[in-house]
Amino acid sequence: MAQRLSGSSSQYLRQHAHQLVDWFPYGDQAFEQARLRDVPVMLSIGYSACHWCHVMSHESFDDPAIAQLLNEHFVAIKVDREEHPLVDDTYMMATQALTGAGGWPMTIFALPDGRAFHAGTYYPAVPRGKTPSFTQVLNAVNEAWETKRDGLAEQADMLAGHLAELGARQGALLSLHSALPAQQSQEAAVTHWISATRPEGGTTPAPKFPPTWALKTLWRSALAGGSRGDEAFNAAATTLEAILRGGLQDHLGGGFARYCVDEHWSVPHFEKMLYDNAGLLSLCARSAVLAGEYARGAAGAQQQRAEALAAAARAAALDTAGFLRREMRVGADGGGPQALASSLDADSPREGKNIEGAYYTFSRAELNAALDGLDALPPNLVRLAEVAEDPGRYCLSLARFPHAGEEPLWNQLKQELGLVRATRQRPGRDAKVIAGWNGLAIEALCEAGTLLDAPELLEMAEEAATAVWQAHWDPETRRLARVSFDGKAEHSNEGTLQDYAALALGLLALDSARGNGPWAARADALLGRAGDFVDPGTGVPRDAVQLDARLSAQRAAGAATVLDDAIPAAGALYAMALARRAVTAMADGAWTDAQAAGLERAGELTVHALALATEVPTQVATALEVQAVLNAPVQYVTVGGAQPDQLARLRRLGRSMRLELREEKDAAGPAGTLRIQGCRKELCQAPVDSLERFVQTLHHR
22 MAQRLSGSSS QYLRQHAHQL VDWFPYGDQA FEQARLRDVP VMLSIGYSAC
72 HWCHVMSHES FDDPAIAQLL NEHFVAIKVD REEHPLVDDT YMMATQALTG
122 AGGWPMTIFA LPDGRAFHAG TYYPAVPRGK TPSFTQVLNA VNEAWETKRD
172 GLAEQADMLA GHLAELGARQ GALLSLHSAL PAQQSQEAAV THWISATRPE
222 GGTTPAPKFP PTWALKTLWR SALAGGSRGD EAFNAAATTL EAILRGGLQD
272 HLGGGFARYC VDEHWSVPHF EKMLYDNAGL LSLCARSAVL AGEYARGAAG
322 AQQQRAEALA AAARAAALDT AGFLRREMRV GADGGGPQAL ASSLDADSPR
372 EGKNIEGAYY TFSRAELNAA LDGLDALPPN LVRLAEVAED PGRYCLSLAR
422 FPHAGEEPLW NQLKQELGLV RATRQRPGRD AKVIAGWNGL AIEALCEAGT
472 LLDAPELLEM AEEAATAVWQ AHWDPETRRL ARVSFDGKAE HSNEGTLQDY
522 AALALGLLAL DSARGNGPWA ARADALLGRA GDFVDPGTGV PRDAVQLDAR
572 LSAQRAAGAA TVLDDAIPAA GALYAMALAR RAVTAMADGA WTDAQAAGLE
622 RAGELTVHAL ALATEVPTQV ATALEVQAVL NAPVQYVTVG GAQPDQLARL
672 RRLGRSMRLE LREEKDAAGP AGTLRIQGCR KELCQAPVDS LERFVQTLHH
722 R
C-alpha cells in the first residue's frame, strides 16, 4: 500500500506512508495503473509545513472508509509541490481556472493521461456551508466517470487548451518593450511603490506577505538624494519597520514566518520556509548598510529613524542567520558538510493535538508571569495579538523599536518567554534539501557575512555550497538534481531553471566573497546547462528543458514564469546570474565575447520589466533590479589608497548595490590619497577622492 512513500526524499510523502490509501508517488507507474484499471487519477498536492494539508490528512486520508473509496475507484497520487514545482504549477493553473482560487492542499481529478477535469483545494470531512465533504466529492466524480465520461473528457480538452493559451501569454510577456527609456521606467516603478505603500506597511491589505524583492530594488533609489530619495526611503522604511517589529519575525528564536494573516502584521501564519528566510536575510543585511548610508546624509528625526532601522535590520539579519545555523542545517549520516533544510512546520503538539502556532504562542497566564518579573517595562513597547483561530493564545511583537535603555528589558522578556518555549516540542522539520533554495540562502549568507562583518556566515555558506554540490551535481551527466534527502539526491528529478540560476548566484557570491576556490567554475557549469532551458527559436526561458508528456499536454512548452512570487522569477534569476558573471569578468579584466553575449541575454530576458514597471512593478522587481545593474552608471569599482575603515565601508556599500569591487595597490593618488573609480563595461569615470563624492556618482545621470 502506501509503503511506496516510506523511502521518499520528501517528508510530506513519508508523513502519509502509514495510511490505508494506496498512495503512489508522481510518475509513470501511477498513470499507467489508472490506464490499466480504467479509473481516474486523484492527485493530492501539498507540502510538509502546510497546516491545512495536515488537517485534511487527519480528517480524510486517515479515515479507513475514505481510503477504501479512493482505492476502489481511483489511483491516488501524493505530490510534494516543493519536489515537483512544475507539476504543482500546472495543476495550480487548472485549479485557478476552474474555481477562481488556489491553495494547498490542492485536490485534482484527472484522466489517466494526466489532463485535469475537476479541481479544488481543502475539502472537509463533513459538509461545511456550500463546501461539500471530501466523500461527497469522491462519489460525485466516480458517478460522473461511470455515466458522463465523454463530458469529463471534453472538460479536460477545454481546460488543457485554456492552460496552453495562458502559458503562451506568459512567454509573450517577454516580448513587451517600454515606450519609456530605462531610467524613466525605473522611476515609474519607484513612484508606484511610494504611492502604493500603506500606512501600516506593505502595498496590499491582509494577508500581508513581505514584498522582499520589491524592497531590495526600491532601496537602490533611497540614496539618490533630494525629495525622491527621501520618499523612497520612507516607503521602504515603513514596510521594513512593520516586518521587523511585528509578528512576521520570530523575536525569540530568529527567522521569519511565511506571512501575516492580519492587516497590522501581528499574527503570522507560522510555517518557516527557507526561501523566505533567505530573501529576508539578504534584505535585512542590505538594509542595515543602506539605512546607515542614508542616515549619513539625513538630519533630525529622519536621521534617527534611519539609524534605528539600520540597527534593527542588522539585529534581524544576525538573528535570522542564527536561526538557520541552529535549526535548519542538515547533513548526511556520518557527518560532512551541511546544507539547509526546506522548512519548519506551522503545527506542533499541545495537549495531545497538533495545533498551528502552538510552539510560538503564549497564554495570558504565561505572558503575565513573564511580565510580572520585569520592572518598568514601558506599556507602549510590547504588542500582544490574540490568535483568532486559537482563542486565548497570543503572539508577541513590538509596538515600536526600543529606545535607549529599554533594550535590556525587551531582551529580558524574550529570555523569560524563551525559557517557556524551550519546554515545548519543536515543530517538525522537512529535512529535504532543495538546490535552488539553498542557492538563495548561500547568496544571502555571503551578503550578510560581508556586509555585517560576520565571517562565520561565509563559512556556513561555503559548507552549504559544498554539501549541495557533492550531493546534487552529477559530473558525468553534468545535471543538477533538484532535491536530496540524507545526502542522497534524486537524480531522475532534474532541477528547474530556478534551481540552476539560484545556485549559480549563490556560488558566484561565494566566489566574490572568498575567492581562490572552485566556485566560479562550478557556477559556469550551471550557467552552461541553464542555457539549454532557453528556447533557441523564441528566446523564451523554460522551467524545464523538456516537460513530461502529461504536463506538456496541458500547458505551453514549459515557458517559465516571468513574474516574481515567493521566489524570484526563474528568467530574472538566470539573467541576474549572467549579469553578475559578466560584471565580475569586467572587474577582473577577463571580458570576453561569451561574457558580452551573457550580458546581452540578461537584458533580453528582463527588458519586459520596463514595460510592466508602471503597472505591476512588484511582480517584476527582480527583473527591474537586473535592468538597474545593466543600466547603472557604475557596475564595478577600483579603489586605491583606502584606509581599512574606508575600504570596509566601500565594500559594504558596493555589495549592497551589486557592485563588484577591486582593490588596486598602485591605484592611489598623490601621496597615497584615496582614489575611487567607477566603471561601466570598458569605460571608467574620472576618479574621485572621497566616499561621499563616489556615492553621488552612483546616481549621476
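At position 260 of the sequence shown (counting the first as 1) the number is 281 in our numbering, and the numbers step up by one without a gap.
Glycine included, C-beta positions come from ideal geometry on N, C-alpha and C.
For T471 and N537, the gap between their C-alpha atoms comes out near 16 Å. By the Cβ neighbour-count rule, A177 is buried, with 16 or more other Cβ atoms within 10 Å of its own. Each residue's CA atom was taken as its position, placing P562 and S303 some 26 Å apart. Counting of Cβ neighbours within 10 angstroms places K229 among the buried residues, the total reaching 16 or more. Closest by C-alpha distance to C71, out of P448, A600, A140, is P448. Annotation for D586: no beta strand (DSSP E) segment contains it, and DSSP assigns it neither H nor E. Q567 counts as exposed, since fewer than 16 other C-beta atoms from the protein chains shown sit within 10 angstroms of its C-beta. Less than 9 Å separates the beta-carbon of A492 from that of S505.
In this structure, DSSP gives M63 an extended state, which the three-state scheme calls strand. By the Cβ neighbour-count rule, G150 is exposed, with fewer than 16 other Cβ atoms within 10 Å of its own. Per DSSP, the unbroken beta strand (DSSP E) holding V504 starts and ends at 504 to 506. Annotation: the continuous alpha helix (DSSP H) that includes Q325 extends over 321 to 344. Contact between L671 and L712 holds: CB atoms are separated by about 6 Å, below the 8 Å threshold.
Across the structure, A409 and A263 are spaced so that their CA atoms are roughly 20 Å apart. Sixteen is the threshold: since fewer than 16 other Cβ atoms of the shown chains lie within 10 Å of the Cβ of S196, the residue is exposed. Using a 10 angstroms sphere on the CB of H629, the tally of other CB atoms reaches 16 or more, which defines it as buried. Under the DSSP assignment, D474 falls outside any alpha helix (DSSP H); it carries neither an H nor an E label. Sixteen is the threshold: when 16 or more other Cβ atoms of the shown chains lie within 10 Å of the Cβ of P289, as they do, the residue is buried.
Boundaries of the beta strand (DSSP E) harbouring N375: 374 to 377, taken from the DSSP string. If you check the CB distance, L173 and L132 come in under 9 Å. Classified as buried, L64 has 16 or more neighbouring CB atoms from the shown chains inside 10 Å of its CB.
Note on geometry: alpha-carbon atoms of G123 and R58 lie some 30 Å from one another.
The alpha-carbon of D495 is positioned some 52 Å away from that of L388.
The straight-line gap separating the alpha-carbon atoms of G373 and Q24 is approximately 26 Å.
Taking the Cβ atoms as the reference, L631 lies roughly 6 Å from Q648, within the contact range of under 8 Å.
Under the three-state reduction of DSSP output, R102 falls in the coil class, being neither helix nor strand. The way I'd put it, the stretch 331 to 339 doesn't touch the stretch 453 to 464; fewer than three beta-carbon pairs between them come closer than 8 Å. Annotated three-state conformation of P638 is helix, per DSSP.
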